[in-house]
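Positions 970 to 1121 (our numbering) are the ones given, in order, by the sequence shown. By construction, the Cβ of each residue, glycine as well, lies at the ideal position given by its N, Cα and C atoms. Remember, it's a predicted structure, so these values are computed and weren't measured experimentally. Taking it in order: structure first as structure tokens, then the write-up.
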Amino acid sequence: MEKIERVCWEENIDSCIVVKTEVEKRNIPISEAKILLVEDKLSNRKTIEIYLRSRVGKVEIAENGKEAVEMFANNQYDMILMDLQMPIMGGIEAAQHIREMETDRKYRVPIIAFSANYFSSDKEVSIEVGMDAYISKPFQSKTLFNLMEEYI
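Take a look at the structure:
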């Protein structure tokens, strides 16, 4: 079942969109979670990384979808946070590869997609290819953290 919510991300701006599916929560402490952050823009990557490092157990970084797929093949993650618009391989294609690779894994890794393309079809497409949630940029760190807690 899909839920769409509007959440405030800054007082002076209307809202971002969060689209999410319902999946089985893993119930591990978020402070012990291993997160793969996939973001091509250095400024965005650093901002999110700083926030994550203060709250989760471990953060690993990929700068594009191809790197993310390669890292996923060799590691176990509790969650993937993935930008959709990236060079070399975008988030949609990377998510498809990851979902194909998961058949040999014990559990399905939640993938949260994010994009600045608020009015595009990215929301629907990301859910269709197996991502678990979509959040539009920019967003408040507390919005991301609350969303992450729903899946970990």
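As assigned by DSSP and simplified to three states, the class of residue i
| i | result |
| --- | --- |
| D1073 | helix |
| F1108 | coil |
| R1029 | The residue asked about is misnamed: residue 1029 is Glu in this sequence, not Arg. E1029: strand per DSSP, three-state reduction. |
| I1017 | helix |
| D1091 | helix |
| M1100 | coil |
| M1058 | coil |
| V1122 | A query on residue 1122 cannot be resolved here, the shown segment of the chain reaching from 970 to 1121 and no further. |
| L1011 | helix |
Inter-residue CB distance, residue i and residue j (contact presumed, cutoff 8 Å)
| i | j | result |
| --- | --- | --- |
| A1064 | M1100 | 5 Å |
| I997 | D1047 | 6 Å |
| R1077 | V1025 | Incorrect: roughly 19 Å between the Cβ atoms, too far for contact. |
Beta-carbon contacts of residue i that lie in its chain and below 7 Å, excluding the five residues immediately before and after
| i | result |
| --- | --- |
| V1028 | I1004, L1006, E1018, L1021, R1022 |
| M1070 | F1041, A1042 |
| D1052 | V1007, E1008, D1009, G1060, F1083, S1084 |
Buried or exposed by the 16-neighbour rule on C-beta atoms within 10 Å, applied to residue i
| i | result |
| --- | --- |
| S1000 | exposed |
| D1091 | buried |
| N1115 | exposed |
| L1011 | exposed |
Same chain, Cβ closer than 6 Å to residue i, five either side skipped, listed in chain order
| i | result |
| --- | --- |
| Y1103 | V988, A1082, K1092, S1095 |
| R1068 | G1099 |
| A1031 | V1007, A1037, M1040 |
Among the options, the one whose alpha carbon lies nearest that of residue i
| i | options | result |
| --- | --- | --- |
| D1009 | D1073, S1105, N996, Q1054 | Q1054 |
| K1035 | P1056, L1050, V1025 | P1056 |
| K1106 | R1014, R1077, A1002 | R1014 |
| H1066 | E1039, L1050, E1032, Q1045 | E1039 |
| E1097 | E1062, E1119, K1075, T1072 | E1062 |
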